[in-house]
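Heads up: the structure comes next, in structure tokens.
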Amino acid sequence: MAPPRIAFVLGTRPEIIKLSPLVRACLERAIPHVLVHTGQHYSESLDAVFFEQLELPTPTYDLAVGSDDHGEQTAAMIRGIESVLEAERPAHVVVQGDTNSALAGAIAASKREPSLAHVEAGLRSFDREMPEEINRVLVDHAADHCFAPTEESARLLAAEGIDGDRVRVTGNTIVDAVSQHRDLATEKSDVLAEYDLEAGAFCLLTAHRAENVDDPERFAGILEGVGAFATRTDREVVYPIHPRAREALAAFDLSVPEPIRLVDPLDFLDFLTLEHHARLAVTDSGGVQEEACILGTPCVTVRDSTERPETVDIGANRLVGTDPSAIVAGAEAMVDRPGTWSNPFGDGDAADRILDALL
56 MAPPRIAFVL
66 GTRPEIIKLS
76 PLVRACLERA
86 IPHVLVHTGQ
96 HYSESLDAVF
106 FEQLELPTPT
116 YDLAVGSDDH
126 GEQTAAMIRG
136 IESVLEAERP
146 AHVVVQGDTN
156 SALAGAIAAS
166 KREPSLAHVE
176 AGLRSFDREM
186 PEEINRVLVD
196 HAADHCFAPT
206 EESARLLAAE
216 GIDGDRVRVT
226 GNTIVDAVSQ
236 HRDLATEKSD
246 VLAEYDLEAG
256 AFCLLTAHRA
266 ENVDDPERFA
276 GILEGVGAFA
286 TRTDREVVYP
296 IHPRAREALA
306 AFDLSVPEPI
316 RLVDPLDFLD
326 FLTLEHHARL
336 AVTDSGGVQE
346 EACILGTPCV
356 TVRDSTERPE
366 TVDIGANRLV
376 GTDPSAIVAG
386 AEAMVDRPGT
396 WSNPFGDGDA
406 ADRILDALL
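Each step along the sequence shown adds one to the number in the working numbering, with nothing skipped, and position 324 is 379.
Listed below in structure tokens is the structure:
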């Protein structure tokens, strides 16, 4: 059998989702490839089931690294990925985003023969206290191919001295993914009926980032602000809560306002359905900012910075922090905004552009 042309390194749900169009394109083109799953956030309910539900092949390698301190986790990934690269000898290693899995894949590839491709290059929050910011900067500077989702991302790469020959604007694969998965969601998801929700009559909340849920004051501010907005506007808020956030609620003895309904974590198709039909999304997730923008759902981001400024610039998103009064003001300003903005992330052909550039 011919050696794989491409090794995809991934380890979290956003990576699976955003690399899925590339994997499908490889299957359609009969391009030999392997999937290397680091197991960074391994959980049967949160992660591995995605491959089956999204009709993707089972990973060729599962390193099952699991959660750990950043250094221990990244080191274990590098060791595992290096062994795969030695065995498979791919021409290209593809990583996505800003996770420890992406960083580990970048380090392993940069020490060996394969070229390194970074999907979603050039995103910057300019907040160096975020581990993700450090990861994305390091991966961009190591990469042979920086696939920028927007012209602004390419401009930021140029400002950091990255050679323009290494940069190509392709659009964001999340547009491809939302387009492909929306049909699957329509076919497979009955989440609205399951939770007795009416399209356009509820709001969606996600809060999971360490800087929010590991800080009792910030987490309490998010809950208070979202609860106050929901009460004032007589809207229910659905909050699919990550186990880490649920543990933080108990540890900090935080109460959840009555209009906020906690539900178990959802698979991607159910979550995509809620995003599509929510009146408003309140989030600290970069991926949700993008997906809501693509789906025409107004968004409020409960962070102090964002690496998706395009969503703010076109009026699809508002950055409000975690102060309750700012959350209420931002949500009230956004909730009735029509989703008529132009999608800034491309036309849904990013995966083909990336493969064409590599191969």
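Backbone N, C-alpha and C fix where the C-beta goes; we use that ideal spot for every residue, glycine too.
**Message:** Per DSSP, what are the beta-bridge partners of SER310 in this structure?
**Reply:** Its beta-bridge partners do not exist; DSSP assigns none.
**Message:** Tell me the residue span of the alpha helix (DSSP H) that contains LEU140.
**Reply:** 125-143
**Classification of SER100 by the beta-carbon crowding that lies within 10 angstroms, buried from 16 upward** = In this prediction, SER100 scores a pLDDT of 49, lower than 50, which makes its location untrustworthy; no coordinate-derived value is stated.
**Request:** Identify whether LEU101 lies in helix, strand or coil by the three-state DSSP scheme.
**Result:** At LEU101, the pLDDT of 48 sits below 50, so the modelled position is not reliable and the matter cannot be decided from this model.
**Request:** List the endpoints of the continuous alpha helix (DSSP H) containing ASN267.
**Result:** 265-268
**Prompt:** Quick one: what does DSSP say PHE274 is sitting in, helix, strand or coil?
**Reply:** helix
**Request:** Check whether the stretch 394-401 touches the stretch 372-386, taking contact to mean three or more Cβ pairs, one atom from each stretch, closer than 8 Å.
**Result:** Segments in contact, no.
**Item:** Nearest to VAL64 (by Cα), restricted to the options ALA163, THR228, GLU291, ARG334
**Value:** Checked all of ALA163, THR228, GLU291, ARG334; the closest Cα to VAL64 is ALA163.
**Prompt:** Under a Cβ-count criterion, where at least 16 other Cβ atoms within 10 Å of its own Cβ denotes burial, should ASP153 be classed as buried or exposed?
**Reply:** It is buried - the Cβ of ASP153 has at least 16 other Cβ atoms within 10 Å.
**Asked** Beta carbon of LEU247, beta carbon of VAL293: below 8 Å?
**Response** no
**Message:** One question on the structure: do PRO114 and VAL91 come within less than 8 Å of each other, judged by their Cβ atoms?
**Reply:** With contacts defined by Cβ atoms closer than 8 Å, PRO114 and VAL91 form a contacting pair.
**Prompt:** What separation, rounded to the nearest whole angstrom, lies between the Cα atoms of PRO112 and GLY94?
**Reply:** So the two alpha carbons sit approximately 16 Å from each other.
**Item:** CB contact flag (VAL268, ARG316, <8 Å)
**Value:** no
**Item:** Pick from PHE181, ARG167, GLU184 that is closest to ALA197, judged by C-alpha positions
**Value:** ARG167
**Request:** Would you list the one or two residues that DSSP bridges to THR356?
**Result:** THR338, LEU374
**Message:** Suppose you measure from the CA of PHE326 to the CA of GLU215; what does that come to, to the nearest Å?
**Reply:** Answer to the nearest angstrom: the Cα atoms are 36 Å apart.
**Asked** So, is THR241 buried or exposed, given that buried needs 16 or more other C-beta atoms within 10 angstroms?
**Response** exposed
**Item:** Close-in-space but distant-in-sequence residues of the same chain around ILE72 (CB under 8 Å, 5 per side omitted)
**Value:** PHE105, LEU109, ILE229, ALA232, HIS236, PHE323, GLY342
**Request:** Please report how far the alpha carbon of GLU187 lies from the alpha carbon of PHE181, in whole angstroms.
**Result:** 11 Å
**Asked** What is the DSSP secondary structure of PHE400, counted as helix, strand or coil?
**Response** coil
**Asked** Between ARG273 and the rest of its own chain, which residues show a CB-CB distance below 6 Å, the 5 nearest in sequence each way excluded?
**Response** ASN267, THR377
**Prompt:** Identify the residues that DSSP records as bridge partners of PHE257: which are they?
**Reply:** Note: PHE257 sits in a beta bridge opposite GLU291.
**Request:** Quick one: give me the first and last residue of the alpha helix (DSSP H) that GLN151 is part of.
**Result:** It is not in any alpha helix (DSSP H) - GLN151 instead sits in the beta strand (DSSP E) that spans 147-151.
**Asked** Of the residues LEU260, PRO271, ALA265, which one's Cα is nearest the Cα of GLY282?
**Response** LEU260
**Asked** With distances taken from CA atoms, which of THR225, ILE409, ALA333, ASP407 is nearest PHE389?
**Response** According to the sequence displayed, residue 389 carries Met and not Phe. Selected option, being the one with the closest Cα: ALA333.
**Item:** Local Cβ density within 10 Å of GLY66, reported as buried at 16 or more and exposed below that
**Value:** buried
**Message:** Could you tell me the alpha carbon to alpha carbon distance between GLY255 and ASN190, rounded to whole angstroms?
**Reply:** 37 Å
**Message:** Quick check on VAL390: does DSSP put it in helix, strand or coil?
**Reply:** coil
**Message:** Using 8 Å as the threshold, is the C-beta distance between ARG363 and GLY226 below it?
**Reply:** no
**Prompt:** Got a sec? Which residues, its chain only, sit under 7 Å from ILE136 by beta carbon, not counting five neighbours each side?
**Reply:** Excluding sequence neighbours, ILE136 sits near VAL64, VAL91, ALA159, GLY160, ALA163.
**Request:** Please report how far the alpha carbon of VAL192 lies from the alpha carbon of GLY177, in whole angstroms.
**Result:** 8 Å
**Message:** Can you find the residues in the same chain that come closer than 6 Å, C-beta to C-beta, to SER170, ignoring five residues on each side of it along the sequence?
**Reply:** HIS147, ASP199
**Message:** Going by DSSP in three states, GLY177 sits in which element: helix, strand or coil?
**Reply:** GLY177: coil per DSSP, three-state reduction.
**Request:** Output yes or no for whether 8 Å exceeds the beta carbon distance between ALA262 and ASP339.
**Result:** ASP339 is positioned such that its CB atom lies closer than 8 Å to that of ALA262.
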